[in-house]
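Asker:
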Ligand code: HEC
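Residue numbers (this note's numbering): 452 to 572.
1) State the beta-bridge partners of residue 544 as determined by DSSP.
2) Is residue 544 near the ligand HEC, going by C-beta to nearest heavy atom under 7 Å?
3) Between the beta-carbon of residue 529 and the beta-carbon of residue 568, is there less than 8 Å?
4) In whole angstroms, what is the alpha-carbon distance linking residue 485 and residue 533?
5) Any heavy atom of the ligand HEC closer than 7 Å to the Cβ of residue 516?
6) Which of the three DSSP states, helix, strand or coil, is assigned to residue 501?
7) In this structure, how does DSSP classify residue 529 when only helix, strand and coil are distinguished?
8) Cα-Cα, which of 549, 503 and 552 is closest to residue 564?
9) Could you give the distance in angstroms between the alpha-carbon of residue 515 and the alpha-carbon of residue 508?
10) Return the chain-ordered list of same chain residues with a C-beta closer than 7 Å to the C-beta of residue 558, the five sequence neighbours on each side being excluded.
11) Is any non-hydrogen atom of the ligand HEC found closer than 7 Å to the C-beta of residue 507, if you look at the structure I gave you?
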């Protein structure tokens, strides 16, 4: 009886772990994301005042800047879909990602940068 209970408890604990953000290395990824800045000064300014407030904080559950593994499935949706997600809001992200006066081109540059900081302006 007691053993069955322990097994069930262990199973419940293991299952509840699934919904939590990946903790392995997330502090390192977070620290690394905070070092990254877009090279284009206009994009860098927007990034600093809007996207960075969540996309460098693992607790927000936003895919972190430079976390290419987290961004790969997102990028797989296609840029148009991603820009739409930002404009309309998506999950925990408010509409426009807190940049109300950003245009599509700027959103694209911001997404490219966050998904792959090494390869973008
Ligand atoms: C208030 C926090 C917050 C801000 C500010 C924010 N984001 Fe997000 N973002 C999130 C969260 C949380 C997710 C993950 C949502 C989910 O998957 O449920 C996300 C996901 C995304 C995605 C993936 C969408 C998809 O369809 O998978 C893109 C692209 C994105 N953000 C771009 C941006 C850009 C560009 C900015 C700045 C203009 C920005 N975000 C600002 C919280 C934020």
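Just so you know, even glycine gets a beta-carbon here, dropped at the ideal spot from N, CA and C. Everything numeric in this text was worked out from a predicted model, so none of it was measured.
Answerer: Once the coordinates are examined:
1) According to the DSSP secondary-structure assignment, residue 544 is paired through a beta bridge with 541.
2) Between the ligand HEC and residue 544, a heavy atom-to-CB distance of less than 7 Å is present.
3) Not in contact: residue 529 and residue 568 (Cβ atoms no closer than 8 Å).
4) Going by the C-alpha atoms only, they are around 22 Å apart.
5) Incorrect: residue 516 has no Cβ contact closer than 7 Å to the ligand HEC.
6) For residue 501, the three-state secondary structure derived from DSSP is coil.
7) In the structure shown, residue 529 sits in coil (DSSP, three-state: anything other than H, G, I, E or B).
8) Answer by Cα proximity: 503.
9) A direct Cα-Cα distance of roughly 7 Å separates residue 515 from residue 508.
10) 534 and 537, listed in sequence order.
11) No; taking the cut-off as 7 Å, the Cβ of residue 507 has no heavy atom of the ligand HEC nearer than that.
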